[in-house]
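Here's the structure, in structure tokens; my notes come after.
2 protein chains.
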Amino acid sequence: MKVAVLSGGVGGARFVQGLVEVAEDVTVVGNVGDDVEVLGLHVSPDLDSILYALARLNDEERGWGRAGESWRALETVGELGGDTWFQLGDLDLGLHIVRTQALRSGVPLSSVTLRLARALGIETRVLPATDDRLRTWIGTPVGDFPFQVWFVARGHRDEVDAVRFEGEADATPAPGVFDALTQAELLLVAPSNPYVSVAPILAVPGIREALASRRVPAVAVSPLIGGRAVRGPADRMLERLAGGTSPAHVAEQYAGLIDALVVDEADADDLDGLGEVRPIVTRTLMTDLDARKRLAEAALGAVVA
Amino acid sequence: MKVAVLSGGVGGARFVQGLVEVAEDVTVVGNVGDDVEVLGLHVSPDLDSILYALARLNDEERGWGRAGESWRALETVGELGGDTWFQLGDLDLGLHIVRTQALRSGVPLSSVTLRLARALGIETRVLPATDDRLRTWIGTPVGDFPFQVWFVARGHRDEVDAVRFEGEADATPAPGVFDALTQAELLLVAPSNPYVSVAPILAVPGIREALASRRVPAVAVSPLIGGRAVRGPADRMLERLAGGTSPAHVAEQYAGLIDALVVDEADADDLDGLGEVRPIVTRTLMTDLDARKRLAEAALGAVVA
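Going down the list, the sequences are from chains A and B.
According to our numbering, the first sequence holds residues 8 to 312 in order.
According to our numbering, the second sequence holds residues 8 to 312 in order.
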């Protein structure tokens, strides 16, 4: 079965790691809205989280980056007066260096990503939503910030009033994205932050439309458990921007785009207002690979259900 | 006493390390002809050798780079299909990243170098010969190569027929260089390769002239011991390009620019042909800091002699 999944970083990457174990033909469409130029290097945190998870190189405890990472280059950068607000490990740097060099020589991000995936022994197709420059900006009571400034440098402490995507009007889906979405037999939205992980993917002209005009089932997995984010600010954002953190508030973010929403057992008593979106209740905490596979199977189950 | 010293990388850096211990007001004018863009980073190997030696961070055994270095980023680069012909350690990378970012933002190399030196706690003024792009090319029987391609990638196995400096016509001395050379009470040439370490410095219009019109003593230290290079291809180059490796052949490279040449005891019987260049015979092998200080003292001695 051909599956296309929209995914953000850490949570999405864990889901994708389980998904590729239970589905054969998976295309991942990753968020690039939180890409950032740091220390002169192009960093694609969400794509990297997906690559590292698929290559089983990800650090499970820290949740992001590579296992067995070291920080010697960054320590030197700090000693020499350079920026260290964005954590780049030595192993991670190797990837950023290779990608940045390829991008500078004119290779599109999608080609670089496929090349990196191949070098890491990954068979799954991992694509950025777009090869164009698309950047998430966060509007807060104290000003507008580029995503990573808000998220990392300011520790996402500022409440979010608005999210916008610089470059969205001119962006086009990366090669392979549109075909993957229109030829898929199942469309999935990973358990990622709807506002800052999935929305920047949907903001690329053509992608939202492909989902809206689908002829196959589309299933999102809620990133919340009992109305709380496992990590990150998704719950605070939903509370402030949508007025609540129930499954209905999550589903609302994908209005017209999904047919079912996978929710946690902890939210089973809070299923009002889902309308035509069918709830699929299961355990959603992705503690290990088995849990990730089970969650992916629950989402896949939507097709045969 | 104000001292200005022209220096290449490893050997020069060791000499400079001793020099600053025995002289108070030292300005180092470093070679940038072997600078290289590698993995998208601007690397200045000779300036770095000088900085690392002065900060006592240099690796004495390997002879270049930093002590306690690790290679995790570069290993990742290799695993991902990137170039690994030029060895960049994790600690070293931190410096290259900071410098490259500053250069890209428009800061001249001399300012970056002073900034790095300050961050490393170095009080000695370390200046690149020029802020302009100047690159050493090596002409060999099998073609012309950029310096680092000949030196590192090809292991300097090709005989050298010619050395040229791309950009020399348009280069100007970096801020501070001309003043350092004209205000110095002693001019020194470190024990570096005359063709590929010192010549690229002298190639910057104004620098050779400053030495030629000096009113103070100028002393070079021969990089050869018993007619052999301690490391690197200086002896092979002298043999092929100058017809021999005696002190006279070394002095000939600095014709009109020096008043004395420090040579090793092993060359004491081979002092013919030095003309007006006075030989200073001493032990020149710079095994440790004491040896480096003694060698620097021998060179300084030229003023009072």
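Even for Gly, the Cβ is constructed at its ideal location relative to N, Cα and C.
Since the structure is predicted, the reported quantities are computational estimates derived from the model, not experimental observations.
In the DSSP annotation of this structure, the continuous segment of the alpha helix (DSSP H) that includes residue 18 of chain A starts and ends at 17 to 29. Under DSSP, no beta-bridge partner is assigned to residue 278 of chain B.
At a cut-off of 8 angstroms between beta-carbon atoms, residue 81 of chain A makes contact with chain B.
Using a Cβ distance threshold of 8 angstroms, residue 24 of chain A and residue 238 of chain A do not count as a contacting pair. Flagged as an interface residue toward chain B: residue 122 of chain A, by a C-beta distance shorter than 8 angstroms.
Taking 8 angstroms as the cut-off, the beta carbon of residue 268 of chain B is found closer than this to the beta carbon of residue 227 of chain B. Taking the C-beta atoms as reference points, residue 219 of chain B is found no nearer than 8 angstroms to residue 162 of chain B. In chain order, 47 make up the part of chain B whose C-beta sits under 7 angstroms from the C-beta of residue 111 of chain A. Out of B/193, B/145, B/133 and B/75, the CA that lies nearest to the CA of residue 171 of chain B is found in B/145. Taking 8 angstroms as the threshold, the shortest C-beta distance from residue 145 of chain B to chain A does not fall below it. At a cut-off of 8 angstroms between beta-carbon atoms, residue 165 of chain A makes no contact with chain B. Interface residue (Cβ-Cβ distance to chain B less than 8 angstroms): residue 89 of chain A is classified as such. Interface residue (Cβ-Cβ distance to chain A less than 8 angstroms): residue 86 of chain B is classified as such.
Think of a sphere of 7 angstroms around the beta carbon of residue 206 of chain A: no beta carbon from chain B falls inside it, the nearest being about 30 angstroms out.
It is roughly 11 angstroms from the alpha-carbon of residue 108 of chain A to the alpha-carbon of residue 101 of chain A. Below 8 angstroms, enough C-beta pairs join the region 127 to 138 of chain A and the region 37 to 56 of chain A to call them touching: three or more.
The residues 249, in chain order, have a CB closer than 7 angstroms to that of residue 259 of chain A in the same chain once the five nearest residues on each side in sequence are set aside. Restricting attention to beta strand (DSSP E) runs no shorter than 3 residues, the region 166 to 199 of chain B encloses them at 169 to 173 and 193 to 196, ordered along the chain. In the DSSP assignment, residue 14 of chain B falls within the beta strand (DSSP E) that extends over 9 to 14.
Boundaries of the alpha helix (DSSP H) harbouring residue 101 of chain A: 97 to 111, taken from the DSSP string.
With respect to chain A, the C-beta atom of residue 107 of chain B has a partner C-beta closer than 8 angstroms. Distance check between residue 266 of chain A and each of A/287, A/274, A/256 and A/272 places A/287 closest, using alpha-carbon atoms only.
Residue 97 of chain A has a beta carbon lying within less than 8 angstroms of a beta carbon in chain B. DSSP, reduced to helix, strand and coil, places residue 37 of chain B within a strand of the structure shown. DSSP, read as helix, strand or coil, puts residue 68 of chain B in coil.
Rounded to the nearest whole angstrom, the CA to CA distance from residue 21 of chain A to residue 166 of chain A is 27 angstroms. Under the three-state reduction of DSSP output, residue 152 of chain A falls in the strand class. Non-local C-beta neighbours of residue 123 of chain B in its own chain, meaning closer than 8 angstroms and more than five positions away in sequence, comprise 58, 102, 105 and 106, ordered along the chain. Residue 57 of chain A has a beta carbon lying at 8 angstroms or more from every beta carbon in chain B.
Within the region 202 to 227 of chain B, there are no complete beta strand (DSSP E) runs of at least 3 residues. In terms of Cα proximity to residue 182 of chain B, the closest of B/115, B/296, B/26 and B/157 is B/115.
Using a Cβ distance threshold of 8 angstroms, residue 207 of chain B and residue 141 of chain B count as a contacting pair. The beta carbon of residue 209 of chain B is closer than 8 angstroms to those of 13, 215, 218 and 264 in its chain, skipping five residues each way along the sequence. Counting only the Cα atoms, residue 87 of chain A lies some 43 angstroms from residue 255 of chain B.
The three-state secondary structure of residue 32 of chain B, taken from DSSP, is strand. In the displayed model, residue 135 of chain A falls within a strand according to three-state DSSP.
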